[in-house]
Structure formats: structure tokens, C-alpha cells
Amino acid sequence: MLRLHWSARSVIRRKPEKRENPSWPEIEDALGTVRDGPGWVSIHVLDQSKGLEVTYLNGKRYRSLGEPVNSLQVHADKGYYMLMLGELVDGEHQVRTYNKPSRDTALAGVQVDILGDPWSYNDLCRDFEIVVKIFREFFETGDVSQELMD
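For what it's worth, numbering that gives the first Met the number 0 labels the leading residue of the sequence shown as 0, then goes sequentially.
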């Protein structure tokens, strides 16, 4: 069984939320909060071989059930979605992004601001159903096919 962790921040939920071992309906709910407004959602597969970890940051205690091995994030704003899959491959951290079926060469230099960061238009997804499909695949398998993210 996969151990997953997610957090979401949007106009609706002003404070980030985190859950250990979320259900698919909880992840769908988190994704729904960023469908039309600014925000982000991330889920992580945790490596539990390292055991329970407790860390302190600025006097606060944080508990983790393991280190993130793979993580999937979507940054969303105004109907634009930047999807990123971080994974460990042979000990190296690699990032894969949404594999857009067709790239518009006329828009190659166009930048879209998402949560204060500029992203290339051709790296963005505009179809929320694809975002949900990618998150569902990651939730079920801990990975996303090369067909969707390369």
C-alpha cells in the first residue's frame, strides 16, 4: 500500500492542509479547490524504510512517516495548470512535466504567471480532467505514465 501525503492551498482554503494516507475523495476535494482559483496540491509517496522521523523547525515539532520518494504537484491559476512529477531515479532527483499533445510554435515564447512564477505556455495544461486523471494514476500506482508526463 502506498503512503501518501497531500497539501492544498487556494482562495477557498487559505491555510494549507496536510493528511497522512488520504483517500481518493480527499484528494479529489483538494483538487477541486484549485480548479478555478489560484492554489496548489501535492501528494507524496513516502519511503518508510527510514522509520518515524521527528524534526524541529523554528521551535515547532514536525513528525514524518518517511522521506518523500516521488511527488506530484499541480500549481494552478486562472484555468492554467502546471504539473510536475519529482522522482528518484538511480539516486538522482528528476522532474517530469505534462506531455502536451501538441505544442504551438507561435506561443513558444509566451509566459503565463501562476502563483507569481512565470511558466512557458507550452508546458501548461488547460484541461482539468487531465489533471484529475494524472493525480488518479499517481494515487493508484505512485507513478505517472510517460505518455502523460515526460
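Quick reminder that beta carbons are idealized off the backbone N, C-alpha and C, glycines included.
Quick one: using the 10 Å Cβ neighbour count with 16 as the cut-off for buried, is A75 buried or exposed? buried
Cα separation between V44 and E146? 20 Å
On a CA-only basis, which of G38, P21, S70 is nearest G115? Give me that one, please. G38
How should A29 be labelled, buried or exposed, when 16 other C-beta atoms within 10 angstroms of its C-beta is the threshold for buried? buried
Which word fits W23, buried or exposed, when buried means at least 16 other C-beta atoms lie within 10 angstroms of its C-beta? exposed
If distances are taken between C-alpha atoms only, which option among V40, V111, L84, Y120 comes closest to K99? Y120
Enumerated in chain order, which unbroken segments of the beta strand (DSSP E) with a length of 3 residues or greater are wholly contained in the segment 73-122? 79-88, 91-96, 110-113, 116-119
Would you tell me roughly how many angstroms separate the C-alpha atoms of G141 and E25, rounded to the nearest one? 17 Å
Own chain partners of Y79 with C-beta closer than 7 Å, once the 5 adjacent residues on each side are dropped: V111, I113, L123, R125
I believe Q72 touches M83 by the beta-carbon criterion, under 8 Å. Please report the beta-carbon distance rounded to the nearest angstrom. 5 Å
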